[in-house]
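Enquirer: Residue numbering for the sequence shown follows the UniProt record's numbering, starting at 1 and increasing by one per position.
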Amino acid sequence: MAANSSPRTQAETQAKTETHPGTRSAREWVSTLAEYRDPNTLRSSIELAISLLPFLALWALAWWALSVSYVLAFALSILNAAFLLRLFAIQHDCGHGAYYKNRQLSDWIGRGLGVLTLTPYDVWRRTHSVHHSTAGNLDKRGMGDVHTLTVAEYNALSRWGRLHYRLYRHPVTLFGLGPSYLFYLQNRLPIGLMNSARYWISAMLTNLAIIAALGAIYWFGGLMPLLLIFVPTTLVAATAGVWLFYVQHQFETTQWDMNENWNLHEAALHGSSYYRLPKLLQWFSANIGIHHVHHLYSRIPFYRLPDVLRDHAELAEEAYTMTIRESFANARLHLWDENSKRLLSFAQARAL
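(1) Could you tell me if the beta carbon of Leu157 falls within a distance shorter than 8 Å of some heavy atom in the ligand GDP?
(2) Can you grab the Cα-Cα spacing for the pair His20 / Ala26, in whole Å?
(3) May I ask you to report which of helix, strand or coil DSSP gives Trp219?
(4) Are the CB atoms of Phe55 and Leu138 within a distance shorter than 9 Å?
(5) CB Gln250 to CB Thr150, shorter than 9 Å?
(6) List, from N- to C-terminal side, the alpha helix (DSSP H) runs of 4 residues or more that fit wholly inside the region 227-290.
(7) When you compare only the Cα positions, how much space is there between Gly192 and Gly144?
(8) Can you list, in chain order, the residues of its chain with a C-beta nearer than 8 Å to that of Phe88? Leave out the 5 residues immediately preceding and following it.
(9) From Gly136, Phe183, Ser158 and Glu314, pick the residue whose C-alpha is nearest to that of Asn261; which is it?
(10) Three or more beta-carbon pairs under 8 Å between the region 73-90 and the region 48-63, yes or no?
(11) Hey, quick one: how far does the alpha helix (DSSP H) through Leu72 stretch, first residue to last?
(12) Candidates Leu227, Gly176, Leu177 and Leu309: which alpha carbon is nearest Ile290's?
(13) By DSSP's criteria, Trp66 is part of a beta bridge. Which residues make up the other side?
(14) Excluding sequence positions up to five away, which residues of its chain have a Cβ less than 7 Å from the Cβ of Val130?
(15) Just to confirm my understanding: we take Ser345, look at its own chain, exclude 5 residues before and 5 after, and list those with CB closer than 7 Å. What are they?
(16) DSSP three-state call for Asp145: helix, strand or coil?
(17) Just how far apart, CA to CA, sit Phe230 and Ala212?
(18) Who pairs with Asn137 in a beta bridge, going by DSSP?
(19) Using CA coordinates, which residue listed in Ala316, Phe302 and Leu42 is at the minimum distance from His270?
(20) Using the Cα positions of Ala349 and Ser31, report the straight-line distance between them to the nearest angstrom.
(21) Taking Cβ to Cβ, would you say Ile217 is nearer than 9 Å to Leu226?
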């Protein structure tokens, strides 16, 4: 069975709603979730400090460890990837205007963190906004999402087209080659926004800052800090980030519709998963596994997402919940079947 701890088809979900008139629609949840939207300046600052300071300290410790043991330095860099992932999640909240009440402060913190995460902030903020406003819309795929074809679209491809799609969707590509391509190469240009000077400026200034930082590291430490600290830290964090993004929307009972049938709030709630992680991993990922709530109301600061589930347990008990073990099955799901409203494996699609 694919990604849910208690899988339920969309028809069954609809039946549940009809059977229990008190069950809220996705749109009705918005006013409730709005109560959690205001960030706390002190809390946001503390969360930033306890993420950024350990990251910098581990970087320095790993650099020192190069003089003792390359293995130790490498191990510390892998550990530091967890803090870099958390910094990316904070940058993510800045992009949603959810981190500080002062939007300019959020934006400049996001831009600064973008140098560490190798992500031009203004470019990412725009493409991610498109992702939020079009997630689950079959007519508006292509920006900020994992490329997903319907069964009919796949069957209409040529032999080489099918091979290309299968190679793209292979786990080695998505989670092996994909993270390095995305963060080391694609992020260097404002892909999808090439006609706007604003996004070129964002990308190029971020690139210059990254080059300056890497140049300083090489000047003072040579090649080994780059190979044994910078690369492992950024690559492991990137891989974890790509995996999280994948399982948040790619699961068997996710929701895709053509534009005329698509609804923003329904797609947010039912097309996003609740990734139930162990407490430590939940902390390092800044609660991003509570993705269905985040998509339904993206202005909620990450540290308030658990409050939503605490106060509204019904949101935590829906069928789109998955554990780490269950999430691995999602990697074999590649094609959306418009008839059964399920994400299928290639083998399942052939059997239709």
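From the three backbone atoms N, C-alpha and C, an ideal C-beta is built for every residue, glycine too. All of these numbers come straight from a predicted model, not from anything done at the bench.
Expert: Quick answer:
(1) Within the structure as shown, the ligand GDP is missing, as the structure has no ligands at all.
(2) Bear in mind that a pLDDT of 35 at His20, under 50, signals an unreliable position, so the number given afterwards is only what the model happens to contain. Straight-line Cα distance between these residues: approximately 15 Å.
(3) Residue state, collapsed to three classes: helix.
(4) Taking 9 Å as the Cβ cut-off, Leu138 and Phe55 do not qualify as a contacting pair.
(5) Using a Cβ distance threshold of 9 Å, Gln250 and Thr150 do not count as a contacting pair.
(6) Within the region 227-290, the complete alpha helix (DSSP H) runs of at least 4 residues are 231-249, 264-270 and 279-284.
(7) Here the C-alpha atom of Gly192 lies approximately 10 Å from the C-alpha atom of Gly144.
(8) Taking C-beta separations shorter than 8 Å and ignoring five residues to either side along the sequence, the partners of Phe88 in its chain run Leu113, Thr117, Thr119, Ala237 and Gly241, following chain order.
(9) For the options Gly136, Phe183, Ser158 and Glu314, the alpha carbon positioned closest to that of Asn261 is the one of Gly136.
(10) Contact holds: three or more Cβ-Cβ distances are below 8 Å.
(11) Counting along the chain, the unbroken alpha helix (DSSP H) around Leu72 starts and ends at Tyr70 to Gly95.
(12) Checking every option, the nearest Cα to that of Ile290 belongs to Leu309.
(13) Strictly speaking, residue 66 in this sequence is Leu, with Trp absent from that position. Its beta-bridge partners do not exist; DSSP assigns none.
(14) Met143 and Gly144, listed in sequence order.
(15) Counting only Cβ-Cβ distances below 7 Å, and skipping sequence neighbours, we find Arg332, Leu333 and His334.
(16) The answer is coil: DSSP assigns Asp145 none of H, G, I, E or B.
(17) One C-alpha to the other measures close to 14 Å.
(18) Answer is Asp257.
(19) Of the candidates Ala316, Phe302 and Leu42, the one whose C-alpha sits nearest the C-alpha of His270 is Ala316.
(20) Taking the straight line from one Cα to the other gives about 39 Å.
(21) At the C-beta level, Ile217 and Leu226 come within 9 Å of one another.
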